[in-house]
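Everything in the sequence shown is counted per the numbering used here, starting at 53 for the first residue and increasing by one.
The beta carbon of each residue, even a glycine, is placed where N, CA and C say it ideally should be.
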Amino acid sequence: MAGTVTGVGRWLTEAVPRGRVAAFRTLVYLFVAADLVIFTPWVRTRADVPGELYQPLLVGRLLPLPTPTPLLVHTIFWVLLALALLAATGRAPRALGWPVFLLYLEWMIIAMSYGKVDHDRFGLLVALAVLPTAGAARHGDRTRTEAGGWALRVTQIAVVCTYFLAAWAKLRFGGLEWMTGSVLARAILRRGTDLADLIAGVPYLLIVAQFGIMAFELGSPVVFLLRERWRHLTIGFFYSFHLVTMATITISFAPHLVAMTSFLPLERVRPLHWLRQTLAAPPAPTPSGPTERPAPRPPVQADDGDQDQVVPGRPVVP
Numbered sequence: 053m054a055g056t057v058t059g060v061g062r063w064l065t066e067a068v069p070r071g072r073v074a075a076f077r078t079l080v081y082l083f084v085a086a087d088l089v090i091f092t093p094w095v096r097t098r099a100d101v102p103g104e105l106y107q108p109l110l111v112g113r114l115l116p117l118p119t120p121t122p123l124l125v126h127t128i129f130w131v132l133l134a135l136a137l138l139a140a141t142g143r144a145p146r147a148l149g150w151p152v153f154l155l156y157l158e159w160m161i162i163a164m165s166y167g168k169v170d171h172d173r174f175g176l177l178v179a180l181a182v183l184p185t186a187g188a189a190r191h192g193d194r195t196r197t198e199a200g201g202w203a204l205r206v207t208q209i210a211v212v213c214t215y216f217l218a219a220w221a222k223l224r225f226g227g228l229e230w231m232t233g234s235v236l237a238r239a240i241l242r243r244g245t246d247l248a249d250l251i252a253g254v255p256y257l258l259i260v261a262q263f264g265i266m267a268f269e270l271g272s273p274v275v276f277l278l279r280e281r282w283r284h285l286t287i288g289f290f291y292s293f294h295l296v297t298m299a300t301i302t303i304s305f306a307p308h309l310v311a312m313t314s315f316l317p318l319e320r321v322r323p324l325h326w327l328r329q330t331l332a333a334p335p336a337p338t339p340s341g342p343t344e345r346p347a348p349r350p351p352v353q354a355d356d357g358d359q360d361q362v363v364p365g366r367p368v369v370p
């Protein structure tokens, strides 16, 4: 039993390169800033919604959190945007990381307390909660850190739980009929693309797809049992699943996809380093026009004293 506990502890804190933590941290915080202005700018409209329509999530009732007002919503937006951009630099990971997590959590509670809850942000919220504990990390640093490994592992667990618990919710509320019903057909009618219309025309293909989705989500924890190469290939399959989802019913799962990069060797991706190398590279020589080579000079015979000198205009006498 003790050995099992020790093995689980080692698995949870498996050391990873600090450069991976730094790259993941930058990506997560940059996405938070992008989320505010690209994916969820509509949350700012909650400032004008009457307070009696605010039905906070359980966490909002337990804390408790204030009813959104224009001052509260707009303050969170601008402060969170500034702090997320600063945190993306990797400086002061705790002093900046904790406020970003708390403000983004409140931003999400405001967003999801009016009747609709998105489950694609669970992994991102967990990443924001654990990144401040990962400590300092620099891009490209190959030294390993157990604290950073724990932060990435917990995020990975949250990513897989998003799939597995989604399948559990389907079975809980829809039963086995979820796989044989018209779930995807209704989704295509509401927000389908031309590609989805082509797929829907194939008999029984949507039913097969629903069985496949259920099998994929229930089997997602297997990713932790695979070797590194196969694990990366499996994560690639996860991304392709979401690519098809976006191409057919226009659901992006962008926050979840960002959290899923915790499985990848991000320390190898160093765009700033590549940019500096490109700028520091010596310029390639510019080819000029063909240069004329001077005509070869005739060889000069050395006077060794045994040969007669030739005087121009005079015949050579033997």
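- With a cut-off of 8 Å on Cβ pairs, the region 200-215 is not in contact with the region 92-106, counting fewer than three such pairs.
- Counted as a single uninterrupted DSSP element, the alpha helix (DSSP H) harbouring Ala86 occupies residues 70-86.
- Listed in chain order, the non-local C-beta contacts of Ala75 below 7 Å within the same chain comprise His191, Leu318, Glu319, Val321, local neighbours out to five positions each way being set aside.
- Of the candidates Arg96, Ile162, Arg77, Val84, Ile162 places its Cα closest to the Cα of Val111.
- From the listed residues Ser165, Val80, Leu115, Arg72, the smallest Cα separation to Arg98 is found for Ser165.
- Between Val80 and Leu180 the beta-carbon gap is near 7 Å, inside 8 Å, which marks them as a contact.
- Only buried fits Gln208, as 16 or more other CB atoms lie within 10 angstroms of its CB.
- Residue Ala218 holds the alpha-carbon nearest to the alpha-carbon of Met266 among Ala218, Leu285, Leu135.
- DSSP places Asp100 in no alpha helix (DSSP H); its state is neither H nor E.
- At the C-beta level, Leu250 and Thr300 stay beyond 7 Å of one another.
- For His308, the closest of Gly271, Val84, Lys168 by C-alpha to C-alpha distance is Val84.
- Within the same chain, Ile251 come within 7 Å of Leu257 by CB-CB distance, once the 5 residues on both sides are set aside.
- Each of Ser304, Val68, Gln262, Val260 was checked against the Cα of Arg194, and the nearest Cα belongs to Val68.
- C-alpha of Phe174 to C-alpha of Ala136: approximately 18 Å in a straight line.
- For Leu155 against Val131, the beta-carbon gap comes to about 6 Å, under 8 Å, which counts as contact.
- DSSP places Gly112 in the uninterrupted alpha helix (DSSP H) bounded by 110-114.
- A direct Cα-Cα distance of roughly 32 Å separates Trp282 from Phe91.
- Beta-bridge annotation (DSSP): Arg196 is paired with Pro69.
- Excluding the 5 residues flanking it on each side, Ala239 has same chain C-beta neighbours closer than 7 Å at Ile301, in chain order.
- Its chain contains Gly103, Tyr106 as the residues whose beta carbon lies nearer than 7 Å to that of Thr119, once the 5 sequence neighbours on both sides are disregarded; these appear in chain order.
- Boundaries of the alpha helix (DSSP H) harbouring Ala139: 122-139, taken from the DSSP string.
- Between Val275 and Thr286, the CB-CB gap stays under 7 Å.
- Trp159 is classed as buried because its beta carbon has at least 16 other beta carbons within 10 Å across all chains shown.
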